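Q: Residue numbers (my numbering): 151 to 505. Yeah, the Cβ is synthetic: ideal placement off N, Cα and C, and Gly gets one too. Because the structure is a prediction, the values reported are computed rather than measured. Submitted below is the structure of interest, expressed as structure tokens.
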């Protein structure tokens with residue numbers, strides 16, 4: 151009996167160590183290899199437009215009759231888009247496609263030196279504008295729907311405030327707009343202690359992935375420790391590992407942040423809180439949230455450790471159109487991956503878009 155327990159302990163320790171070691175390999179080729187091995191981001195798609203490493207995808211429809219208004223998904227700039235297309239049967243994008251929604255997505259790619267000169271203004275007023283109009287022309291509609299996730303939601307909000315005439319409906323998933331007292335990130339980026347210009351000057355064209363990743367890891371240290379504890383306790387359970395490896399791959403798929411985008415994001419939003427003050431500008435155009443008159447679906451995570459509920463809820467009181475507001479008992483990420491919470495999220499989105 152004792153030898154059997156010793157053998158199991160040895161097997162557990164070896165397997166745990168191997169998984170941790172694999173996860174620590176941040177080489178891009180290793181990341182792409184694991185994405186394929188785990189069959190992540192598997193909903194069939196095609197590239198219909200690209201600039202540098204930024205791509206615009208269209209997901210291949212599976213229904214003959216599609217909903218009349220196409221959807222453009224704008225992911226966060228912090229991590230890769232495939233948290234919304236993690237595994238077959240556990241994918242928001244798969245759900246949307248199977249619901250008959252003509253679905254498009256911007257993949258921000260892996261920022262490198264060629265992105266160093268690109269500004270927040272370029273991302274919104276150039277690439278996103280081209281993407282919106284590409285989708286509009288491809289489908290023959292004047293107005294499209296936008297779904298923004300995390301900071302992608304903030305980008306979507308800003309775009310809609312500038313070009314409301316192009317947007318039919320807006321969906322925001324865990325989207326911050328109010329950055330004053332917005333959790334630990336607002337403390338860490340306080341202008342008194344965080345000199346954003348020095349940070350960008352030090353790192354240059356791109357803010358390193360490890361720098362960005364470390365900030366988010368420390369937002370909830372207890373949760374990080376619990377995640378590894380849960381892994382150790384269940385490391386011999388292949389069913390558990392299937393889901394753990396998928397989510398862990400996404401968490402560790404760290405990407406740099408374009409330097410000039412980071413500068414404006416921290417200075418104008420976190421440090422100056424200009425968006426809700428009606429003073430945030432893109433190419434000298436004011437992004438006035440009151441200009442948003444289209445229907446808004448605002449979905450917030452009750453236990454969001456990245457952006458507090460009030461940071462996202464604030465949007466409701468600034469827009470001029472009808473608001474459908476929902477709080478899901480989930481975290482920032484589990485909102486779209488954890489059962490049964492993800493099912494509630496998926497249904498809210500598809501029902502809102504199709505009605």
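(1) I'd like to confirm the pairing. Which residues does DSSP put opposite residue 322 in its beta bridges?
(2) Which one of 197, 290, 452 has the shortest CA to CA distance from residue 256?
(3) Check residue 240 in the structure and name its three-state DSSP category.
(4) Are residue 531 and residue 204 touching if we call contact CB-CB under 7 Å?
(5) Nearest by alpha-carbon distance to residue 345: which of 201, 429, 414, 455 is it?
(6) According to DSSP, is residue 442 part of a helix, a strand, or is it coil?
(7) Which one of 285, 228, 400 has the shortest CA to CA distance from residue 186?
(8) Who are the Cβ neighbours of residue 192 in its own chain at under 6 Å, not counting the five residues just before and after it?
(9) Quick one: any contact between the segment 261 to 272 and the segment 291 to 304, if contact means 3 or more CB pairs under 8 Å?
(10) I'd like to check one pair, residue 220 with residue 285: are the Cβ atoms closer than 7 Å?
(11) Keeping to the same chain, check which residues put their C-beta closer than 8 Å to that of residue 410; ignore five residues upstream and five downstream.
(12) What is the rounded straight-line gap between the Cα of residue 274 and the Cα of residue 280?
(13) Under 8 Å by Cβ, that's how I've got residue 502 and residue 245 pegged, so tell me the actual separation to the nearest angstrom.
(14) Provide the residue span of the beta strand (DSSP E) that contains residue 196, from first to last.
(15) Given this structure, state the Cα-to-Cα distance separating residue 151 from residue 170, to the nearest angstrom.
(16) So, using beta-carbon positions, are residue 499 and residue 321 closer together than 7 Å?
(17) Say whether the segment 413 to 427 touches the segment 444 to 458, bearing in mind that this needs 3 or more beta-carbon pairs closer than 8 Å, one atom from each stretch.
(18) Go ahead and pull the three-state DSSP assignment for residue 162.
(19) Look at the Cβ atom of residue 251, then the Cβ atom of residue 199, and state whether they are nearer than 7 Å.
(20) My output table needs one value for residue 361: the three-state DSSP class, helix, strand or coil.
(21) Leaving aside the five residues before and after residue 360 along the sequence, list all residues of the same chain whose C-beta is less than 7 Å from its C-beta, in chain order.
(22) With residue 372 as the anchor, note down where its alpha helix (DSSP H) starts and where it stops.
(23) Rounded to a whole number of angstroms, what is the C-alpha to C-alpha distance between residue 223 and residue 382?
(24) Give me the Cβ distance between residue 420 and residue 479, rounded to the nearest whole Å; I'm assuming they're in contact under 8 Å.
(25) Report buried or exposed for residue 492, applying the criterion of at least 16 other Cβ atoms within 10 angstroms of its Cβ.
(26) On the three-state DSSP scale, how would you describe residue 151?
(27) Within 10 angstroms of the Cβ of residue 354, are there 16 or more other Cβ atoms? Answer buried if so, exposed if not.
(28) Per DSSP, residue 436 is paired with what?
(29) Does the separation of the CB atoms of residue 471 and residue 446 fall below 7 Å?
(30) Per DSSP, residue 184 is paired with what?
A: Working from what's here:
(1) 298, 448
(2) With distances taken between Cα atoms, residue 256 lies closest to 197.
(3) coil
(4) Any question about residue 531 goes unanswered here, given that the chain covers just 151 to 505.
(5) 414
(6) coil
(7) 400
(8) If we look at residue 192 and ignore the five residues flanking it on each side, its Cβ neighbours are 238.
(9) no
(10) yes
(11) 266, 267, 268, 269, 270, 350
(12) Between residue 274 and residue 280, the C-alpha separation is close to 9 Å.
(13) Not a contact, Cβ separation roughly 13 Å.
(14) From DSSP, the beta strand (DSSP E) with residue 196 extends over 195 to 201.
(15) Because residue 151 sits at a pLDDT of 46, beneath the cut-off of 50, its placement in the model cannot be relied upon, and the following sentence gives the value as read from the coordinates. Cα to Cα, the separation comes out at about 29 Å.
(16) yes
(17) no
(18) helix
(19) no
(20) helix
(21) 404
(22) Where residue 372 is concerned, the enclosing alpha helix (DSSP H) stretches over 371 to 384.
(23) Cα to Cα, the separation comes out at about 35 Å.
(24) Not really, about 27 Å apart at Cβ, beyond 8 Å.
(25) So residue 492 ends up on the buried side.
(26) Its pLDDT being 46, under 50, residue 151 is placed unreliably by the model, and the measurement read from it follows with that caveat. Three-state result, residue 151: coil.
(27) exposed
(28) 431
(29) yes
(30) BP columns for residue 184 are empty, so no partner.
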